[in-house]
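Numbering (this note's numbering), first residue to last: 1 to 259.
Just so you know, even glycine gets a beta-carbon here, dropped at the ideal spot from N, CA and C.
Here the structure is a predicted model, which means the values were calculated and not measured.
Note sheet for the following structure.
What follows is the structure, given as structure tokens:
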């Protein structure tokens, strides 16, 4: 909320009554239905149409703004240095191969290890490719490092592209021993993602909580299909650092998880 600009604040404050009316009505209807025998049709929220219009309008505004997002991974020092110098890029089979070859040159992998890890990658599978190739994935909200959704990402070098389908115990131990757990804090232009509407919903939800309302949790996953330069890297948090442990539970300052 502290990062909202004045124009966004004004847009939300002008619709405070609508937001409150929609969410309090939605909450009341939910509680009434939970207390019922569930045989009646779902009630209609009379404020739903205007509320959705507001969410979409805020989403269109957010499409001209940059949001802070988070990427959980495990990297060696050279990779961190490269990210600080050049930024991030969507993953492909070619970039996976380059990363593996770089670790072979550094003496962390043998040529046979490189081939085995490359061959085992789920990125070769046609059903896996649409969700993985050409995308760099992030999450809109900071997640605690003990969250099950990020634990394996922090514990295994190379992300799901390397560890996801591994069955060889030696290779599993190998990627788990490479690098250190990192959290990338990234400034992402919403227009470079597929999530302007989710951004609008999250912003309206955050404002609604200042009104005492209880919207759904607004966190969402997002991806960019374009590289983001070094200026987009706001911070790299590394295991062992105090801030790394505080992400999602006190960092950023004022952040409070509502999961």
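{"query": "Ends of the beta strand (DSSP E) at residue 68?", "result": "66-75"}
{"query": "How would you label residue 123, buried or exposed, when you count the other beta carbons within 10 angstroms and need 16 or more for buried?", "result": "buried"}
{"query": "With DSSP as the reference, label residue 196 as helix, strand or coil.", "result": "helix"}
{"query": "Does residue 218 have its Cβ less than 8 Å from a Cβ in chain D?", "result": "Of the protein chains in the structure, only one exists, and it is not chain D."}
{"query": "Provide the residue span of the alpha helix (DSSP H) that contains residue 35, from first to last.", "result": "Element bounds for residue 35: n/a, residue is neither H nor E."}
{"query": "Report the residue ranges of all alpha helix (DSSP H) runs contained in full by the stretch 209-259; include only those spanning at least 4 residues, in chain order.", "result": "242-246"}
{"query": "Report yes if the C-beta distance between residue 247 and residue 142 is below 8 Å; otherwise report no.", "result": "yes"}
{"query": "Quick one: Cα of residue 193 to Cα of residue 200, how far?", "result": "13 Å"}
{"query": "Around the Cβ of residue 112, are there at least 16 other Cβ atoms within 10 angstroms (buried) or fewer (exposed)?", "result": "exposed"}
{"query": "Report back the beta-carbon spacing between residue 68 and residue 185 to the nearest angstrom; my notes put them in contact at under 8 Å.", "result": "7 Å"}
{"query": "Measure the beta-carbon distance from residue 197 to residue 59 and round it to whole angstroms, keeping in mind my assumption that it falls under 8 Å.", "result": "5 Å"}
{"query": "Does residue 75 pass the burial test, meaning 16 or more other C-beta atoms within 10 Å, or should it be called exposed?", "result": "buried"}
{"query": "Could you tell me if residue 15 is buried or exposed, where buried requires 16 or more neighbouring beta carbons within 10 angstroms of its beta carbon?", "result": "buried"}
{"query": "In angstroms with no decimal places, state the Cα-to-Cα distance between residue 44 and residue 9.", "result": "29 Å"}
{"query": "Hey, residue 54 and residue 204: beta-carbon distance below 8 Å or not?", "result": "yes"}
{"query": "Any contact of the stretch 214-230 with the stretch 131-141, i.e. 3+ C-beta pairs under 8 Å?", "result": "yes"}
{"query": "In whole angstroms, give me the CA-to-CA distance for residue 48 and residue 20.", "result": "12 Å"}
{"query": "Could you say if the stretch 154-168 and the stretch 33-43 meet the contact criterion of at least three C-beta pairs nearer than 8 Å?", "result": "no"}
{"query": "Tell me whether the beta-carbon of residue 87 lies closer than 8 Å to the beta-carbon of residue 183.", "result": "no"}
{"query": "Check each candidate in 95, 94, 105, 239 and name the one with the smallest Cα separation from residue 153.", "result": "239"}
{"query": "For residue 2, does the three-state DSSP call read helix, strand or coil?", "result": "coil"}
{"query": "Would you kindly check if the distance between the Cβ of residue 90 and the Cβ of residue 164 is under 8 Å?", "result": "no"}
{"query": "For residue 85 and residue 178, what's the separation of their Cα atoms in angstroms?", "result": "21 Å"}
{"query": "Report buried or exposed for residue 225, applying the criterion of at least 16 other Cβ atoms within 10 angstroms of its Cβ.", "result": "exposed"}
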